[in-house]
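Engineer: Here you go, one structure.
There are 2 protein chains.
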Amino acid sequence: MSLQNLRTHFVSEINPATDDGKAVVLSGWVHEIRDLGGICFVVLRDRSGRAQITMVKKKTDAELLDTAKRQSRESVISVTGIVKAEPKAPNGYEIIPSTITLINESASPLPMDTTGKVDAELDTRLDNRFIDLRREESTAIFLIRNQVQKSIREFLYENKFMETSTPKIVAAATEGGTDLFPISYFDREAFLNQSPQLFKQMLMASGFDRVFEIGPIFRAEEHDTRKHLNEATSIDIEMSFADHEDVMEILEKMIVRVYEDVSEKCSKSLEILGVTLKIPKLPFKKYTYENVLDIINNEIPEIETKMQFGDDIGTQAEHLFGEYVFNKTGESHYFITAWPTKTKPFYAMPNADRPEISNSFDMMHRTMELSSGAQRAHLYDVLCNQIRSKGLNVDSFEFYLKPFQFGMPPHGGFGVGCERLVMTMLELDNVREAVLFPRDRKRLSP
Amino acid sequence: MSLQNLRTHFVSEINPATDDGKAVVLSGWVHEIRDLGGICFVVLRDRSGRAQITMVKKKTDAELLDTAKRQSRESVISVTGIVKAEPKAPNGYEIIPSTITLINESASPLPMDTTGKVDAELDTRLDNRFIDLRREESTAIFLIRNQVQKSIREFLYENKFMETSTPKIVAAATEGGTDLFPISYFDREAFLNQSPQLFKQMLMASGFDRVFEIGPIFRAEEHDTRKHLNEATSIDIEMSFADHEDVMEILEKMIVRVYEDVSEKCSKSLEILGVTLKIPKLPFKKYTYENVLDIINNEIPEIETKMQFGDDIGTQAEHLFGEYVFNKTGESHYFITAWPTKTKPFYAMPNADRPEISNSFDMMHRTMELSSGAQRAHLYDVLCNQIRSKGLNVDSFEFYLKPFQFGMPPHGGFGVGCERLVMTMLELDNVREAVLFPRDRKRLSP
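From first to last, the protein sequence lines are chains U and D. One gets the numbering used here by counting positions in the first sequence from 1 and adding 5 to each. One gets the numbering used here by counting positions in the second sequence from 1 and adding 5 to each.
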């Protein structure tokens, strides 16, 4: 047995120029039925788009017409028929059906509108995510997210990175932080990992040289904003015999590759979302942290309190600086480099000439951090000092520190939030739009 | 700044035929130093292999020679020199160095031997995983695992699957089972997901049609065997308008593709591991559960107790049956289909003609289950009955059941254990060999 006979084509695979007159089988959902008396249209929808099934009353078998009209919206049907080129129909063709088979009937009323005619709140949509994802805008986001990950993998393979998987269950916090979800691991306490950081660095000691991982990270932060998630997908890389400059070059090229590929390969999804992508210009503009302070203090009058070395760049300043860069350069993406050592995690390498600044960077999109990265401290003594200077206990990092004693190459890396990358690219209002089933402070289901 | 000048080539990228006489820079680890008096060899190792740095005493600068001899094993060095074709050297060339720079010195003694001359216990190796992974056999396994995942993704993309990410933090058990790790999720209890099953099925209701996910799964089983892990990587697919037969066809073709690609693209790693891959023959042999019982009862005398419909196929029987198939067909891979409905999870579709058997399958490699799959129960009433018949509460599956009321297409899917796939392909004794940092009952670090 096989159900392959239920479909010969996805809707978008039919080419009216070459398939006119051909018999096809489509399967999908009843998007809409329009009964105009003398003519009846059933719009069938699948992942790839919509097809119009046309029945002229006088020319259509009465039973078939009756079957068509009886279908409830969002039921699953299979339609066998002949392709007829029709420039006015979606995708340039209509189907003249010979059979319409009901495969699984949908109950009514639907928990949510799928036609886009009624706007639903994000919470209602996420509560009914299975049906929200049938909206062409939602489908478009995830077709694009699929392409984003595909392009990133291809780019990294071309650059000799190998894919790795590191544990999500860990014995201790990566950064000595507190924002961790505790797990009962048999008779012990363990945690969900907040980042593959320590593992990908250990793999540099193993000589894996260039690794990447695209996987879940977990942060028990109590944020409840439009840009934070408690479970997210992180795109992490680490590379040996490289410093922060080398890593930034990989990162900016990777971003450009993603924009180029999505632009070329997801044009229909972009059109549905009303987004025109502008490919970022290489190289991305770099501002040191101290440049940023100068500009904020001298060129952005809206910020009244002068900033000093070591201060955090707060939300307002970040926002205004992003606008400043965009107005000045026309570019959304830029780097802020050379952050004060004390504002960055212990594994960032202090600058050799000025140890109070680190060989670190953030990559920004206008007003949002998309990525953090650095050359890492690869020298055992430097690293131990860094850990101590953060008030952390060197002993609790034993498993991580050991590799640094036995041949650790210089290395650097970054992490990019996959959802934020998609969010900024597609100008989504809320990062939850870019996650199938988001997890936040309040949401644990579906 | 940039550290790109630390390396022009990976070891294996130098071609003695075309690069003879060329100046190159290699970076890597001091694998070995052989001082034969008149001549001194330093063997430099990187991810791709080993290169011989040759210094003839009479022709070499005394200081350079002295630097070379002073390096401790496993230190990180960078070597600038001229390629000289030399058929007897590894990779067919040697390097005549002009400079050798110590980048990061390794302490001595090493926590573990890396030359393969001393056999270490698996536990010792896993305790020192960072250095164990420098052994060429360990590196080879993960280069192959990288290719396995790459080939699977390529195959699935070609077959119109899109990649998805589903939550690892969930409110309830997927299968109503008990083997779950509990998490404190803010003020609530949650669990680590044991499989993306329910989510990938919901995506079928969303019309995503063909999805896959390669990601972590978590099982709190107290097993302590060579083939169980508490955190593993699962390769999951789900496809619409498809039944178990369609799904098995995708699965067997995917496996063959992996074997073909690894065979072609990882020949050096296979050689290091001493493995010759035999590409499985398509289609894989299928035995129904009842066929298996007949054969066990009538053709395998070692099993003394006769098996009856509904009995589990125990470890011994599974083992002997796998040998039986291999001896009979010369093939390691085969399917066992049509399992009793009561032995499979609620989401497996009962057979229309004989509801006591299900449209389910396991894919086996000799004596080990590599994959489980099925056509799924897509009809709401059938599914509710199935849930009740397992003694589970329909109400606790509300978020999962709702999609089945509003247009769920027929669908099927499978999950493959990535580590077991690599383990069986490479004839590894222990599944932990195929995980960078394994998690089991006792091991939570590194």
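Just so you know, even glycine gets a beta-carbon here, dropped at the ideal spot from N, CA and C. Because the structure is a prediction, the values reported are computed rather than measured.
(1) With DSSP run on the structure shown, which of helix, strand or coil describes V440 of chain D?
(2) If you run the structure through DSSP and keep just helix, strand and coil, what is M167 of chain U?
(3) So, under 8 Å CB-CB, Q76 of chain D and L127 of chain D are touching, yes? Tell me the CB distance rounded to an integer number of Å.
(4) Could you list which residues in chain U have their beta carbon closer than 7 Å to that of R52 of chain D, in chain order?
(5) Using the DSSP secondary-structure output, state which residues sit across from A90 of chain D in a beta bridge.
(6) Counting Cβ pairs closer than 8 Å, one from the stretch 161-169 of chain U and one from the stretch 198-207 of chain D, do we hit at least three?
(7) Would the C-beta of R231 of chain U count as close to the ligand HEM, meaning under 7 Å from any of its heavy atoms?
(8) Give the interface partners of T238 of chain D over in chain U, defined as CB-CB distance under 7 Å, in chain order.
(9) Pair every Cβ in the stretch 153-162 of chain D with every Cβ in the stretch 141-150 of chain U, then say whether three or more of these pairs are closer than 8 Å.
(10) Give the residues of chain U in contact with K173 of chain D, contact being defined as C-beta atoms less than 9 Å apart.
(11) DSSP state of K5 of chain U, grouped into three classes?
(12) Starting from D248 of chain U, find everything on chain D with Cβ-Cβ shorter than 8 Å and list it in chain order.
(13) Can you list the residues of chain U that Q76 of chain D reaches, using a CB-CB cut of under 7 Å?
(14) Going by Cα to Cα distance, which pick from D:T334, D:F46, D:A28 is closest to V35 of chain D?
(15) State yes or no: is the C-beta of L234 of chain U within less than 8 Å of the C-beta of V440 of chain U?
(16) Taking only beta-carbon positions, decide if Y5 of chain D is within less than 8 Å of chain U.
(17) Have a look at D:Q9, D:L287, D:E227 and flag the residue whose alpha-carbon is nearest the alpha-carbon of K258 of chain D.
(18) What does the alpha-carbon distance come out to for the pair L298 of chain D and K290 of chain D?
(19) For Q57 of chain D, which beta-bridge partners are listed by DSSP?
(20) Residues of the stretch 392-410 of chain D with a CB closer than 8 Å to any CB of chain U: list them in chain order, please.
(21) What does the alpha-carbon distance come out to for the pair I301 of chain D and T342 of chain D?
(22) Where do the N-terminal and C-terminal ends of the beta strand (DSSP E) with D40 of chain D fall, by residue?
(23) Would you kindly work out how many angstroms separate the C-alpha atoms of M207 of chain D and V81 of chain U, rounded to a whole number?
(24) Looking at the secondary structure, which residues open and close the alpha helix (DSSP H) in which R130 of chain D lies?
(25) If you count every other CB in all the chains shown that lies within 10 Å of the CB of E68 of chain D, and 16 or more means buried, which is it?
(26) Could you tell me the alpha carbon to alpha carbon distance between V175 of chain U and V387 of chain D, rounded to whole angstroms?
(27) Report buried or exposed for Q321 of chain D, applying the criterion of at least 16 other Cβ atoms within 10 angstroms of its Cβ.
(28) Hey, quick one: how far does the beta strand (DSSP E) through D266 of chain U stretch, first residue to last?
(29) With a CB to CB cut of under 6 Å and the five nearest residues on each side skipped, what residues in its chain are close to D184 of chain U?
(30) So, does the CB of V81 of chain D fall closer than 8 Å to a CB anywhere in chain U?
(31) Have a look at U:T85, U:G43, U:T334, U:D40 and flag the residue whose alpha-carbon is nearest the alpha-carbon of V16 of chain U.
(32) Three or more beta-carbon pairs under 8 Å between the stretch 211-221 of chain D and the stretch 321-330 of chain D, yes or no?
(33) Under a Cβ-count criterion, where at least 16 other Cβ atoms within 10 Å of its own Cβ denotes burial, should G42 of chain D be classed as buried or exposed?
(34) Sorted by chain position, which residues of the same chain lie with C-beta nearer than 6 Å to Y339 of chain U's C-beta, five sequence neighbours on each side aside?
(35) From E218 of chain D to I242 of chain D, what does the alpha carbon distance come to, in whole angstroms?
(36) Sorted by chain position, which residues of the same chain lie with C-beta nearer than 6 Å to E37 of chain D's C-beta, five sequence neighbours on each side aside?
Structural biologist: Looking at the atomic coordinates:
(1) Within the second sequence, numbered from 1, the residue matching residue 440 of chain D stands at position 435. In this structure, V440 of chain D counts as coil in the three-state DSSP scheme.
(2) Counting from 1 along the first sequence, the entry for residue 167 of chain U is found at position 162. DSSP, reduced to helix, strand and coil, places M167 of chain U within a strand of the structure shown.
(3) Position 71 of the second sequence holds residue 76 of chain D. Position 122 of the second sequence holds residue 127 of chain D. Between L127 of chain D and Q76 of chain D the Cβ distance is about 30 Å, and since that is not below 8 Å, they are no contact.
(4) Walking along the second sequence from the start, residue 52 of chain D turns up at place 47. The answer, in chain order, is G212, F213, D214.
(5) As a working note, residue 90 of chain D is residue 85 in the second sequence. Looking at the DSSP output, A90 of chain D sits in a beta bridge with D:Y98.
(6) When Cβ pairs closer than 8 Å are counted between the two stretches, the stretch 161-169 of chain U is seen not to touch the stretch 198-207 of chain D, the count staying below three.
(7) The ligand HEM is absent from the structure shown, which contains no ligand whatsoever.
(8) One-based indexing of the second sequence puts residue 238 of chain D at position 233. Result: S170.
(9) No: the two stretches stay apart, fewer than three of their Cβ pairs being nearer than 8 Å.
(10) Residue mapping note: residue 173 of chain D aligns to position 168 of the second sequence, counting from 1. Those within 9 Å of K173 of chain D in chain U are K173, L197, P221, F223, E236, R444.
(11) No information on residue 5 of chain U is available, as it lies outside the stretch 6 to 451 that chain U covers here.
(12) Counting from 1 along the first sequence, the entry for residue 248 of chain U is found at position 243. Within chain D, the C-beta atoms nearer than 8 Å to that of D248 of chain U come from M6, S7, L8, in chain order.
(13) Within the second sequence, residue 76 of chain D is the residue found at index 71, counting from 1. In chain order: nothing, as chain U lies at least about 11 Å away.
(14) In the second sequence, the residue the question calls residue 35 of chain D occupies position 30. When only C-alpha atoms are compared, the closest one is D:F46.
(15) Position 229 of the first sequence, counted from the first residue, corresponds to residue 234 of chain U. Position 435 of the first sequence, counted from the first residue, corresponds to residue 440 of chain U. Yes, the Cβ-Cβ distance between L234 of chain U and V440 of chain U is below 8 Å.
(16) Outside the displayed range of chain D (6 to 451) lies residue 5 of chain D, so it cannot be described from this structure.
(17) For the purposes of this step, residue 258 of chain D is taken as residue 253 along the second sequence, with counting starting at 1. For K258 of chain D, the closest of D:Q9, D:L287, D:E227 by C-alpha to C-alpha distance is D:L287.
(18) As a first step, residue 298 of chain D must be located in the second sequence, where it is residue number 293. As a first step, residue 290 of chain D must be located in the second sequence, where it is residue number 285. Looking at the two C-alpha atoms, the distance is approximately 16 Å.
(19) Walking along the second sequence from the start, residue 57 of chain D turns up at place 52. Beta-bridge annotation (DSSP): Q57 of chain D is paired with D:V48, D:E99.
(20) Within the stretch 392-410 of chain D, contact with chain U at the beta-carbon level (separation under 8 Å) is assigned to F404, Y405, K407, P408, Q410.
(21) As a first step, residue 301 of chain D is located in the second sequence; it is residue number 296 there, counting from the start. As a first step, residue 342 of chain D is located in the second sequence; it is residue number 337 there, counting from the start. Approximately 15 Å between the Cα atoms of the pair.
(22) The residue you call residue 40 of chain D lines up with position 35 of the second sequence. First-last of the beta strand (DSSP E) with D40 of chain D: 28-40.
(23) Residue numbering aside, residue 207 of chain D sits at position 202 when the second sequence is read from its first letter. Residue numbering aside, residue 81 of chain U sits at position 76 when the first sequence is read from its first letter. Each residue's alpha carbon lies about 15 Å from the other.
(24) Walking along the second sequence from the start, residue 130 of chain D turns up at place 125. Counting along the chain, the alpha helix (DSSP H) containing R130 of chain D begins and ends at 127-132.
(25) Numbered from its first residue, the second sequence carries residue 68 of chain D at position 63. Classification of E68 of chain D: exposed, given that the 10 Å Cβ count is below 16.
(26) Taking the first sequence and counting its residues from 1, the one referred to as residue 175 of chain U is at position 170. Taking the second sequence and counting its residues from 1, the one referred to as residue 387 of chain D is at position 382. When rounded, the separation of the alpha-carbon atoms in V175 of chain U and V387 of chain D is 41 Å.
(27) As a working note, residue 321 of chain D is residue 316 in the second sequence. Here Q321 of chain D is exposed. Its C-beta has fewer than 16 other C-beta atoms within 10 Å.
(28) In the first sequence, residue 266 of chain U corresponds to position 261, counting from 1. Boundaries around D266 of chain U are those of the alpha helix (DSSP H), 249-270, since no beta strand (DSSP E) includes it.
(29) Start at 1 with the first residue of the first sequence, and residue 184 of chain U comes out as number 179. By the criterion of a C-beta distance shorter than 6 Å, D184 of chain U is surrounded in its chain by R224, A225, E226, once the five residues flanking it on both sides are discounted.
(30) Along the second sequence, read from residue 1 onward, the residue named residue 81 of chain D stands at position 76. True, the Cβ-Cβ gap to chain U drops below 8 Å.
(31) One-based indexing of the first sequence puts residue 16 of chain U at position 11. For the options U:T85, U:G43, U:T334, U:D40, the alpha carbon positioned closest to that of V16 of chain U is the one of U:T85.
(32) By the Cβ criterion, the stretch 211-221 of chain D is not in contact with the stretch 321-330 of chain D, since fewer than three pairs of Cβ atoms, one from each stretch, lie closer than 8 Å.
(33) As a position in the second sequence, residue 42 of chain D is number 37, starting the count at 1. So G42 of chain D counts as exposed.
(34) The sequence position of residue 339 of chain U within the first sequence is 334, counting from 1. Counting only Cβ-Cβ distances below 6 Å, and skipping sequence neighbours, we find F289, K290, V330, M369.
(35) As a position in the second sequence, residue 218 of chain D is number 213, starting the count at 1. As a position in the second sequence, residue 242 of chain D is number 237, starting the count at 1. Approximately 7 Å, taken between the alpha carbons.
(36) Reading the second sequence from its first residue, position 32 is the one you call residue 37 of chain D. The residues are V48.
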